[in-house]
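Data block below; observations after.
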Amino acid sequence: MGTGDRMFVSADAAERVLRPLGDAPVNLVAIFGAARQGKSFLMNLLADQQDLFRISNLREPCTQGVDLSGHLVPLERFSALNGCPPLTPRACGGVRVGFVDAEGQGDRDITYDSRLVSPVLLASKVVLFNWKDSLQADRILNLLAVLARAAQGIELPDGANSKVFGHLHLVFRDWSFVDSTPDEVYKDLFQKEKGRSDEVNVRNLARINLIEAFESITIWLFPAPVENTANLRDKIRFEQLQKPFQNKLRELRKCLSSQLQQPMKFYNRPLTAKYLSQIMPALVETLNSDQVIMPESIYSSMVRAEAQTLKESCEKDIFAYCEAAGLEEMISSEEFDKMLHKDVEIIIQEALKKMDSFPGAVRKDIQASLRAFAEKEITIALHTNSEKIAVHLSKVVDVAFQTLKKECGVIEKTRLPMKNALLRQECSDLLNRELKRIQKFPMGLQGKRGVEIECGRVRQNASLLFDKLEVANDKAIHQATAALNDVVRAAKARISSEMHDSLDTLFGEKHPITVTKLQSEMEVLFTRVVQGVMQKIGSVNEFGVSDFRSDLDHHKAQLNDEMNRRYMIEMRQILNEVSYAAREDLGKQIIYRLDGKLPMLEEEIKAAVDSAIAHVKCAMADKLQGWTILKSDLEAKSMELEKLGDDFTDQYLHRNQQLEKDADVRKEAEQYEKLRIDVTKLFEQKLKEIGFPSTDDDIDAVFRRALQEIAAKFLSSVADRETTTFTAKGLREILTSDCKSAVKSQKILNRLAIEKKEALDLAEKERQMRERERLAAEQKEAEISRLKSDHSKWLGEKDNESKRLRDKLQEEERKARELQQRVEEMRLHTALLEKKKHEEQLESMKQSRRVTKAKEEEAARLKEQLEEMKRKAAEVENQKRQLEVQVQSEAKKRDEAEELKRQLEEMKYAIAQKEQERVSMELQVQHEQASREQAELAAQQAANAAEVAARAAIEAGRRQPPAPEPAKTEEIGRKRPLARSGSGDVEMEDVSHLRPRTPVRAAGQCLASQAGQSSNGFADCASCVMMNSKAVAGGQEASWTEQGKSGAYQGWQAEDDTGRGTKGGSRRGREAHSRACQVVVIIEEEEVRVTTTLQVRIWEPSNFEHGQLSENRFMNSTYIRGDGL
């Protein structure tokens, strides 16, 4: 529809869709109905096209106006869709089926809808009315009234008793009333209602009009296509529909195929694509002018318009022919007149033949008009031709002289030597040809006498030229005879070489060719070579010197036999290669159809194998298309495929039986896995209820109670205890065994909780000790105050004693101030140490980040290497394909190709191994990240412990009296670890030149714990406790004993920073992580020195042999050290 509700026909659609089909009969299938109820979806299914018409569940309709699909299907193919039995080609009669989707009815008034559907109804053999609701007769008839109204707007000739429209099918969609039948629905719709109201009369009239307008009316009750109608937005294939819907669709297709066999007629004329493109504009124009559609009038107007078009086309052809005829070879006016009349009459008859179906009066008028036009054009052409004859006659004679001279020169240069008789015959023929050319011209003013005079002059000149040519021929005969044999031998070699090269090229490129075509190429090559020989040797062979033609024919016969033998050998090789590829393809096709889908029915397995065999045979036939193959060879290869298919069928049937047997076993395994998870969850839940810390016996008791509870519930829920393999005792034993890891994990967490509680108790004891020290200091200060008070009382009584005591008191005050000053210095020094430790921790974190970044870069590099290997693998794959092509062309290199194929498989396996290594490296990076995080946590804990130890040492230093004399450093060249080194090796710092210090008693403590499990499955140390520590006194450092728990090496004793020790206990766990924190506090007379060293080592247990730890297996080592002033 255009502006103002005027209809128009898309000229582009007629040009693209209908015009290419020409006079092919076309039957249209049109669909009508309310908007947004799935009309386009149903048409897509009928046409077996996903995108034939746009589908949507939106409120706006998908179709505007009327859409004719560009996809026209042959009736034979349409009838065979969806597994329906196809019609025979004879029954189909070359009919093409088109599909028309109309805009939804009911959105606008009935006049608009009736005008819209009228052209479609007249042109459609089958009309579908789509209804997606319950049986509502009044609403359905109101919409069908559009079709009845369209029938009223068509006027048939008097006495015509044919139906106006084709077959009507009422399709009820999503029908859920199972007890109803199509006959009952038809009766409810079209049985005459009782009553006299206007509405009843209108509906009864619509029923009568519909029954009279359509050839037949059929009811179809379709169920829902899918369970969820929201999926209709997606593209749904026929196989995804529900079975009842598929069956109904097949029944509808069979009925439509039967009705579409007879072509639709418009005014008793079968409707073709060309006819349809002509009547549609006329129908639309009639509707736009609000006139009644009269097929007779429309047909008459259309016929006259088409006749006028054919007349104009014929006049153009006549004019063009007469104009072109005057430019052709000169002929007499009489002959020219006859030719023009004859050819123009043929043109007129061809135009009239196209009008055989037109009325007689129209054909008679057109014929008279064309004959008058033709006479006029013929007269003009004759006059033009007679004017040209006189001009060309004089020129022809001059051209004849030049032609004879030129032809004699050509013969002398190219065709000599030759027989004298033949040469004379050639010269005579040449002369006669020129004379005949002159004699063919129409007579001039002189008549025949003038032509004879010109011919005599031509004969005299020709006699002189021919005498010279005979002399040259005699000389050429003697010169060319000797070269004849050489030319023949070269021709034989050329034929053989070119044929073998051609065959090598064809088989090398696998270009299909038949034996007949090969022989035809040989014949063409032979003819070309013989012509070349003839051109080289001229007419020497005609003298009987050498019968070269028979010699070449004999050579051709031998070469033909040789080519046939080689063709069959090469063809058998190609057949073997194609058969081998077909066997592999059959295996792949069967795997594609059956792997992952078992178990299934035996019939389905056999059907899948048969389908794969058919697919492989089709592919094999496509590959062998164009070759000449013995029928026995093809039958043998086909039998091999059938036998291989039977072997695959037996294999998959056996696998199918095994999978069916294993189904019950998998079910019991799944039940047991769920039961184990339930036991673990209930066990962890009950442990959370009682809380940590606890004892191992309590944990075991909780697990037993959870196990008994879950097992009892499971056994009570089993319906058939006779068929199950589970027993109460068996469940307890296997669940106890499988849940050992969960119980062990909970025990480890319990021990961690116990250790945490012990650490908290130790901290509480230390706090109480500091409180007692603080009270003692307060008592001492109170005692000093009391003494000062006593001195002040005794001052007046004893002056001398008072003076002595005052001096002593001043000395004590001076010492107290010095001590207080030292305490302040130590506090400042402690703050500096804390700041420095914080900086060192930041530096350590930066270092770990750099290491992480370096490993990430390494991982990225490995990933790039993997991509490079993949690219190389792709190149190798390309090389493989090239090698396979070469193997097919060269049978002798088959063994080498097999070796290359094996190497390719090894390379693929190596690539898979590299991929596994990449995955393991990524896991290793993750493990190292987790280890770094654990190390940072341990470093933080060690720093906190060092801070606590330093404060304790400062408090202890307050109570120490000053040493009377400094101690000397006796150790020369002693070294300690230097943490500022950026490498992984341990550098040592020389401490032999430090100035002497006065060491005092110091205390150190290490509290470090580590819990959890590493990501790679290795057990980490649950805790690390430093035992038997002693502070540095008198310049000597003490060794600490490290003892690991929960998966560490118990009894291992650390001696120094090199990692060497003795194995004092049994190994537990797969891997041990050792962390040691050493805090040394040295308090001297004028300097406080705090040194903190954190060592983190990770090694594999396989390197811990005979008390030695291999240092090259360290995965990470970090040293943190802080120095005082």
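First residue of the sequence shown? That's 1 in the UniProt record's numbering, and the numbers climb one at a time after it.
The beta carbon of each residue, even a glycine, is placed where N, CA and C say it ideally should be.
Note that the coordinates shown come from a computational prediction; the quantities given were computed from them, not determined experimentally.
If you drop the 5 nearest sequence neighbours on each side, which residues of the same chain put their C-beta closer than 6 angstroms to that of residue i?
i    : result
S124 : L28, A30 and G166
T516 : none
S694 : N750
L128 : I31, H169 and V171
F99  : V29, M43, A47 and S69
I366 : A307 and K311
Going by DSSP, name the residue or residues bridged to residue i.
i    : result
S216 : H167
S124 : L28
W131 : F172
L221 : F172
Which of the three DSSP states is assigned to residue i in this structure?
i            : result
N228         : coil
W175         : coil
R96          : strand
G38          : coil
A80          : coil
R237         : coil
L68          : strand
R269         : strand
P74          : strand
G326         : coil
D101         : strand
G22          : coil
G626         : coil
G33          : strand
K880         : helix
Q671         : helix
E781         : helix
residue 1147 : Residue 1147 cannot be examined here, being either before or after the span of the chain that is shown, 1 to 1125.
Q519         : helix
Output needed for residue i: all residues of its chain with C-beta closer than 7 angstroms, excluding positions within five of it in sequence on either side, in chain order.
i    : result
R732 : L707 and A711
L749 : F692
K588 : none
M921 : A859 and L862
P89  : E76
L653 : E602 and I605
Between the C-alpha atoms of residue i and residue j, what's the straight-line distance to the nearest angstrom?
i            : j    : result
residue 1126 : L271 : Because the chain is modelled from 1 through 1125, residue 1126 falls outside the range shown and cannot be assessed.
Y909         : A873 : 11 angstroms
D895         : S502 : 27 angstroms
G38          : K248 : 16 angstroms
E498         : G409 : 35 angstroms
I331         : A490 : 49 angstroms
T649         : Q191 : 58 angstroms
L143         : A80  : 33 angstroms
A213         : R207 : 10 angstroms
A472         : L430 : 18 angstroms
V540         : R424 : Residue placement at V540 is flagged as unreliable, the pLDDT there being 49, under the threshold of 50; the coordinate-derived value follows with that caveat. Looking at the two C-alpha atoms, the distance is approximately 16 angstroms.
K556         : T414 : 27 angstroms
L46          : H71  : 12 angstroms
Q50          : L42  : 11 angstroms
K617         : M639 : 11 angstroms
L256         : H615 : 31 angstroms
C322         : L18  : 34 angstroms
Could you check if residue i belongs to the surroundings of the ligand ATP, using beta carbon to heavy atom distance under 7 angstroms?
i    : result
R918 : Within the structure as shown, the ligand ATP is missing, as the structure has no ligands at all.
If I measure Cβ to Cβ from residue i and keep anything under 8 angstroms in the same chain, skipping five residues before and after, which residues do I get?
i    : result
N656 : L598, P599, M600, E602 and I605
T514 : G626, W627 and T628
L559 : I495, S496, M499 and M522
W175 : L221, F222 and P223
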